[in-house]
Amino acid sequence: MTLHTQNAQEAQTVQAAAPAPADARPRDIDTSLLRNWPLPMPSDDTDKEGRGHVLVLGGSSEMPGAVILAATAAMRAGAGKLTIATGRSVAQLVALAIPESRVLGLAENAVGGFTVEAVEALDPLADKITAILIGPGMQDEEATARLVHALLPRLQGSDTRILLDANAMGAILHPPAGVNAPFRFDVPVLVTPHAGEMAHLTGIDKEDICATPDRHALEAAQRWNAVVALKGARTVIAASSGERWQHEGGNVGLAASGSGDVLAGIIAGLAARGADLAQAVGWGVAMHARAGERLAERMGTLGYLARELPDEIPALLQQTASEAAESPSRRPA
C-alpha cells in the first residue's frame, strides 16, 4: 500500500504500514513497522517552508515552559519553520528562550486563558502553516475551548494537521452554543489524553479506562472523529476508521513534568513535515520512548529532565530512517 502525502509544497510517495482490521489485535509500533512506514523526507534543495511550518499555540503566565518544550521538540523533529503564539505576559520570555521562532503575544483573560480575539491575530497564518499544536501550558479550559472552536472553521478548510493537547482537548466537552457534547469534529484531529484526561473527557472512571484502554480509545476515536492516542506505559492509538496501534517502551523517567509537552511537540513537528496524524503520533510515541531510554542509559532511569529529551530526537530519527532505507523488507512504491 502506498501513501501519497504532502511534504509542505512537495508531494512525497512513501511506503505505508498496512492498516489493521478493526477487530484485529492492534499493530505493534516496533522497528519492523517503522521500517515499512518511512516518514516524508525533504530533498536536498528543499527550503524551510518546504520542510513544514508548525504553529504552537499555548503557554501562560504560570506555565510558559510548556510551550517552550513543545516548540523545541517540534523543531528537533524536523519542522523547518516555527511560530509560537502565547500569552502577551510571557511572549518576550518565550522569544528569548527560542530565538529560532517568531513569537506572537496574545491577549489574556483574568485567569490566564486566551480570548477569542486571538483568532484575528492568528488568521493570517491559517493558509501558511502545515501543522498546529494547541494546548501545552494553556489555562482556563472553557476559554481554550471557545478559542479552539473559533479557529477550527478557518483551519479545517486547509490541509493543516490539527493536534489538541492538554486543556485544548476540552473543546470536546465544551462545544459551541446549540451543539451537544461531546463535540464531533468535521475533519479528524489528533487528541493525546492520558488516562486521567480521558476520564475527564468521557466521564468514565480512570480505573476502567486503564483496564480496557483499547476499547475506550477506539470508542472515543469513532465518537469524536479523531485519532486518539491514549498515553501510558502502553500507549494505544486508535483512528475513527477502526485502525489501531500500540506501543510499549520507554521507562518511568518519562513520567515527569513537561514530558507530555515534548511528546506533543515531536508529533507536531512530524506532522508539519507531511506525516498524516496516525503516522506522526506513531513515530512520535516511539521516538519519545527511545529518547527516554537513551537518557536512562547515560543518567539513570530517574532524574533526567523533559528539556533533555528533544536533543535525542534528530539522531534517533536519522538512525531509524537509515535502518528503513537499508531494510530488504522495504519495497519501492
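In my numbering, the protein residues as written are 48 to 380. Beta carbons: idealized from backbone N, C-alpha and C, even for Gly.
Margin query: If I measure Cβ to Cβ from R281 and keep anything under 8 Å in the same chain, skipping five residues before and after, which residues do I get?
Written below: The answer, listed in chain order, is P260, Q293, H294 and E295.
Checklist line | Nearest candidate by alpha-carbon position, reference I284, set G250, R270 and L324 | finding: Of the candidates G250, R270 and L324, the one whose C-alpha sits nearest the C-alpha of I284 is L324.
Next item on the list: Give a yes or no on whether the C-beta atoms belonging to R208 and A315 are separated by under 9 Å.
Entry: A315 is positioned such that its CB atom lies closer than 9 Å to that of R208.
Item checked: Among L116, A124 and R123, nearest to T133 - alpha-carbon criterion -> The shortest Cα separation from T133 among L116, A124 and R123 belongs to L116.
Next item on the list: Compute the Euclidean distance between the alpha carbons of G331 and V275, then round it to the nearest angstrom.
Entry: Those two C-alpha atoms are separated by around 13 Å.
Check: Given A353, which residues of its chain have a CB within under 8 Å of its CB, disregarding the five upstream and five downstream residues?
Finding: Closer than 8 Å at Cβ, skipping near neighbours: L116, A303, S304, G305, S306, D308 and V309.
Notebook entry, point to check: Under the rule that 16 or more other beta-carbon atoms within 10 Å means buried, what is G182, buried or exposed?
Noted result: With 16 or more Cβ atoms within 10 Å of its Cβ, G182 is classed as buried.
Notebook entry, point to check: Residues in its own chain within less than 8 Å of S376 by CB, not counting five upstream and five downstream?
Noted result: For S376, the pLDDT reaches just 46, beneath the cut-off of 50, and the residue's location in the model is therefore unreliable, leaving the point undetermined.
Next item on the list: Under the assumption that P223 contacts H196 (Cβ atoms under 8 Å), give the Cβ distance between them as a whole number of angstroms.
Entry: Contact holds; Cβ gap of about 5 Å.
Check: Cβ atoms of D187 and N227: under 9 Å apart, would you say?
Finding: Not in contact: N227 and D187 (Cβ atoms no closer than 9 Å).
Margin query: I'd like to know if E359 contacts chain C, where contact means its C-beta is closer than 9 Å to some C-beta of that chain.
Written below: The structure shown has no chain C; it contains just one protein chain.
Margin query: For N272, which residues in the same chain have their Cβ closer than 7 Å to its Cβ, ignoring the five residues on either side in sequence?
Written below: For N272, where only same-chain residues beyond five positions count, the Cβ hits under 7 Å are R231, F232, P235 and S287.
Next item on the list: Could you tell me which residues DSSP pairs with R74 in its beta bridges?
Entry: DSSP, once it has assigned bridges, lists W292 as partnering R74.
Check: In this structure, does DSSP put H263 in helix, strand or coil?
Finding: Of the three classes helix, strand and coil, the one that applies to H263 here is helix, per DSSP.
Note to self: Please classify P89 as buried or exposed, where buried requires at least 16 neighbouring CB atoms within 10 angstroms.
What the structure shows: Burial call: buried.
Check: Quick one: Cα of A178 to Cα of L363, how far?
Finding: Straight through space, the alpha carbons of L363 and A178 are spaced by roughly 22 Å.
Notebook entry, point to check: What is the DSSP secondary structure of K253, counted as helix, strand or coil?
Noted result: K253 falls in the helix class under three-state DSSP.
Check: For A190, which of S107, G300 and V141 has the nearest alpha-carbon?
Finding: That would be S107, whose Cα lies nearest to the Cα of A190.
Item checked: Bridge partner(s) assigned by DSSP for I100 -> At residue 100 the sequence reads His, which differs from the Ile that was named. H100 pairs with K128.
Item checked: Nearest-angstrom beta carbon gap, E96 and G127 [assumed within contact, 8 Å] -> Contact check for G127 and E96: beta-carbon distance about 7 Å, within the 8 Å limit, so the pair qualifies.
Notebook entry, point to check: Three-state secondary structure (DSSP) at H247?
Noted result: Here H247 sits in helix by DSSP.
Notebook entry, point to check: Can you pull the DSSP bridge partners for I219?
Noted result: Residue pairing by DSSP places I219 opposite no residue, since no beta bridge is assigned to it.
Note to self: Would S148 and I131 be called neighbours here (beta carbons separated by less than 9 Å)?
What the structure shows: Yes, Cβ-Cβ distance for S148 and I131 is below 9 Å.
Check: According to the Cβ coordinates, are A154 and R135 closer than 9 Å?
Finding: Less than 9 Å separates the beta-carbon of A154 from that of R135.
Note to self: Just to confirm, is the Cβ distance from G201 to V163 under 9 Å?
What the structure shows: The displayed chain sequence assigns Arg, not Gly, to residue 201. At a Cβ-Cβ threshold of 9 Å, R201 and V163 do not count as neighbours.
Margin query: I'd like to confirm the pairing. Which residues does DSSP put opposite K278 in its beta bridges?
Written below: H241, per the DSSP bridge assignment.
Check: In or out: S290 buried (at least 16 other Cβ within 10 Å) or exposed?
Finding: Looking at the sequence itself, residue 290 is Glu, so the reference to Ser does not match. With 16 or more other CB atoms across the displayed protein chains lying within 10 angstroms of its CB, E290 is buried.
Margin query: Rounded to whole angstroms, what is the Cα-Cα separation between G329 and I76?
Written below: Those two C-alpha atoms are separated by around 7 Å.
Notebook entry, point to check: What are the start and end residues of the alpha helix (DSSP H) that includes I313?
Noted result: Where I313 is concerned, the enclosing alpha helix (DSSP H) stretches over S306 to R320.
Margin query: Let's test the definition: count the other Cβ atoms within 10 Å of the Cβ of A213 and tell me whether it reaches 16, buried, or not, exposed.
Written below: Residue burial is scored here from C-beta neighbours: A213 has at least 16 other C-beta atoms within 10 angstroms and is therefore classed as buried.
Next item on the list: Would you please state the rounded distance, in angstroms, between the beta carbons of G321 and P85? I believe it to be under 8 Å.
Entry: With 8 Å as the limit, G321 and P85 do not qualify as a contact, their Cβ atoms being about 11 Å apart.
Checklist line | Counterpart residues of I179 in DSSP-defined beta bridges | finding: I179 pairs with L102 and I209.
Check: Which partner residues does T133 have in the DSSP bridge list?
Finding: T133 is bridged to G152.
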